[in-house]
Amino acid sequence: PDRRRLVRRVAAVGLVGAAVAVGSLAVPRLLEGGEALAWSATPQALPADAAREAEQACIAAVLDDPSPVEGVDQSRMRPVITDARGSLVLVYLTDRARSASESTCYVRDGRVAGMTGSLATPDSPPAPPVPANSILVALGAVSSTESGSIRGVTGRVGSNVVGVVFDTVAKGPVTATVRNGHVAAWWPDAPTTEQQENARTAPEIRGATVTLRDGSTREVSVEELSAWMS
13 PDRRRLVRRV AAVGLVGAAV AVGSLAVPRL LEGGEALAWS ATPQALPADA AREAEQACIA
73 AVLDDPSPVE GVDQSRMRPV ITDARGSLVL VYLTDRARSA SESTCYVRDG RVAGMTGSLA
133 TPDSPPAPPV PANSILVALG AVSSTESGSI RGVTGRVGSN VVGVVFDTVA KGPVTATVRN
193 GHVAAWWPDA PTTEQQENAR TAPEIRGATV TLRDGSTREV SVEELSAWMS
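Numbering (this note's numbering), first residue to last: 13 to 242.
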């Protein structure tokens with residue numbers, strides 16, 4: 013199939029320990045020809061066999077994509093979140109190392125339609141700890157064609173966090189999936205280019221509301237959740 017580079021945002025935004033940002037799109041029909049993606053602001057239930065199929069497809073795609081960084085073993089990556097909403101299933105992989113490498117796949121009908129990620133080198137500094145009542149995510153992952161974009165957010169949550177709702181610029185409140193100490197969500201947006209992304213002076217998220225184990229909630233600013241620097 014036609015393979016083309018995705019728009020990529022290489023910035024030190026919640027990506028401590030990440031040395032390289034990579035992405036590729038393998039399905040020409042994704043977001044093209046004016047076809048709208050089905051999407052939901054809340055994650056949907058996914059049967060266990062469908063989740064397993066999506067995870068296996070993502071792992072296979074990562075292993076099939078040669079690492080551009082010497083010393084990075086992508087075979088250590090395992091799924092921590094599988095998030096289904098509409099047309100695509102997001103699969104979030106990480107090796108859970110002190111300085112973690114990560115990949116995010118967008119799976120459609122059992123096939124990987126898009127993939128982004130970050131790879132940490134052996135010399136990368138360890139990721140910072142996440143406060144118990146907060147979250148730390150990577151902003152800026154966007155996959156785009158002339159018809160539209162997909163924005164994804166992945167990261168880690170503190171030990172007391174059981175729920176996260178992101179306040180996105182494009183779609184308003186988006187309920188994320190929180191599992192295994194990690195968080196992930198995606199949403200559609202207007203088409204963009206690498207030049208437009210690099211020229212942005214504000215992130216695509218205004219902040220987040222987190223739910224804690226005791227049922228209380230707290231607001232997390234974009235500076236806190238991502239260490240955003242303009």
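Note that beta-carbon positions come from the ideal geometry of N, C-alpha and C, so glycine has one too. Just so it is clear, the structure is predicted and the values come from calculations on it, not from any experiment.
Host beta strand (DSSP E) of residue i (start-end)
{"i": "S161", "result": "S161 to V169"}
{"i": "S155", "result": "I147 to S156"}
{"i": "D179", "result": "V173 to T180"}
{"i": "L102", "result": "L100 to T106"}
{"i": "E231", "result": "T229 to S233"}
{"i": "E114", "result": "E114 to R120"}
{"i": "W51", "result": "Neither: W51 is in no beta strand (DSSP E) and is coded neither H nor E."}
{"i": "T213", "result": "Here T213 belongs to no beta strand (DSSP E), and DSSP marks it neither H nor E."}
Contact belief for residue i with residue j at Cβ below 8 Å, rounded distance in angstroms
{"i": "A153", "j": "R163", "result": "7 Å"}
{"i": "T128", "j": "S155", "result": "6 Å"}
{"i": "V232", "j": "S146", "result": "6 Å"}
Rounded separation between residue i and residue j - CA only
{"i": "S242", "j": "D61", "result": "Bear in mind that a pLDDT of 34 at S242, under 50, signals an unreliable position, so the number given afterwards is only what the model happens to contain. Looking at the two C-alpha atoms, the distance is approximately 43 Å."}
{"i": "Y118", "j": "A144", "result": "29 Å"}
{"i": "T187", "j": "T54", "result": "5 Å"}
{"i": "V74", "j": "V190", "result": "22 Å"}
{"i": "L131", "j": "C70", "result": "16 Å"}
{"i": "R110", "j": "T133", "result": "11 Å"}
{"i": "G219", "j": "D179", "result": "5 Å"}
Boundaries (first-last residue) of the alpha helix (DSSP H) holding residue i
{"i": "D95", "result": "It is not in any alpha helix (DSSP H) - D95 instead sits in the beta strand (DSSP E) that spans R90 to R97."}
{"i": "A62", "result": "A60 to D76"}
Option nearest residue i by Cα separation, candidates the options
{"i": "S87", "options": "S156, D107, P59 and T128", "result": "D107"}
{"i": "L148", "options": "T221, T166, S159 and S155", "result": "T166"}
{"i": "S171", "options": "D226, Q68, P203 and R123", "result": "D226"}
{"i": "G122", "options": "L102, P141, P138 and P137", "result": "L102"}
Residue i CB to nearest heavy atom of the ligand SAM below 7 Å
{"i": "H194", "result": "Among the ligands in the structure shown, none appear at all, so the ligand SAM cannot be discussed."}
Burial state of residue i (16 or more Cβ within 10 Å)
{"i": "V181", "result": "exposed"}
{"i": "S52", "result": "exposed"}
{"i": "T229", "result": "exposed"}
{"i": "G184", "result": "exposed"}
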